[in-house]
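Colleague: My questions will all concern the structure given below.
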Amino acid sequence: MNVRRGLDGLLVLGNNPRAATDVHFPFSLFPRPEVVVVALIQCTSPFLRPSFLDTAYSMMSGGDYDSVFSVTREFKLRWKELAGGVEPLNFDPSHRPRRQDWPGELVENGMFYFTTCRLAQQGLLQGERCGVVEIPKNCSIEIDTPFDLELARMQLVPHLFS
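Take 126 as the starting number for the sequence shown in my numbering and just add one per residue.
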């Protein structure tokens with residue numbers, strides 16, 4: 126995958142051991158004045174497509190957003206645990222929606238984050254003017270557990286031919 130193709134002014138920073146942590150991303154690595162936009166691309170997202178990054182980059186380049194990140198549309202009825210039970214978070218039980226009757230919710234999937242260098246230097250991934258790139262559910266697997274890896278393997282062959 127050649128992400129550089131068609132992205133004028135792209136500066137790829139080499140691997141830095143300080144960035145290879147599983148705690149948090151060290152945004153202080155971007156004090157360079159020539160860096161305007163920072164893209165954090167997660168290696169735990171094996172179905173990332175160049176077109177997703179192109180879309181995010183174009184959105185950032187347009188000036189309407191200070192951050193753009195990946196999301197997936199979910200159709201899940203969520204509940205909050207309480208000491209004595211649970212309560213609904215995103216629906217009214219007396220008007221329980223069917224999947225086809227509501228637009229669902231956009232859920233951050235962690236595939237990538239584009240943000241301004243100014244926000245990154247403040248340790249922020251998102252600012253006040255967020256845009257999103259909606260990723261198809263079949264491309265939104267994050268590999269964080271052995272189960273996730275097996276799920277990705279099962280999906281790999283059909284994905285290669287889509």
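In this text, a Cβ means the ideal position worked out from N, Cα and C, and glycines have one as well. These figures come from a predicted structure and were not determined experimentally.
If we call anything under 7 Å between Cβ atoms a contact, is A277 one with I260?
Modeller: Against a cut-off of 7 Å, the Cβ pair of I260 and A277 comes out as no contact.
Colleague: What runs of the alpha helix (DSSP H), each 4 residues or longer, lie entirely inside the segment 226–254?
Modeller: Here the runs fully enclosed are 242–246.
Colleague: Which two residues bound the contiguous beta strand (DSSP E) that contains T197?
Modeller: T197 -> beta strand (DSSP E) spans S192 to E199.
Colleague: So for L281, helix, strand or coil by DSSP?
Modeller: Reduced to three states, the DSSP call for L281 is helix.
Colleague: Please state the DSSP three-state secondary structure of P213.
Modeller: Of the three classes helix, strand and coil, the one that applies to P213 here is strand, per DSSP.
Colleague: Where does L274 sit, in a helix, a strand or coil, going by DSSP?
Modeller: L274 falls in the helix class under three-state DSSP.
Colleague: Given a cut-off of 7 Å, decide if E199 and E233 are closer than it, judged by their beta-carbon atoms.
Modeller: Taking 7 Å as the Cβ cut-off, E233 and E199 do not qualify as a contacting pair.
Colleague: V294: buried (16+ other C-beta within 10 angstroms of its C-beta) or exposed?
Modeller: Residue 294 is absent from the structure shown; the chain starts at 126 and stops at 287.
Colleague: For D189, is the classification buried or exposed, using 16 other Cβ atoms within 10 angstroms of its Cβ as the cut-off for buried?
Modeller: Answer is exposed; the Cβ neighbour count stays below 16.
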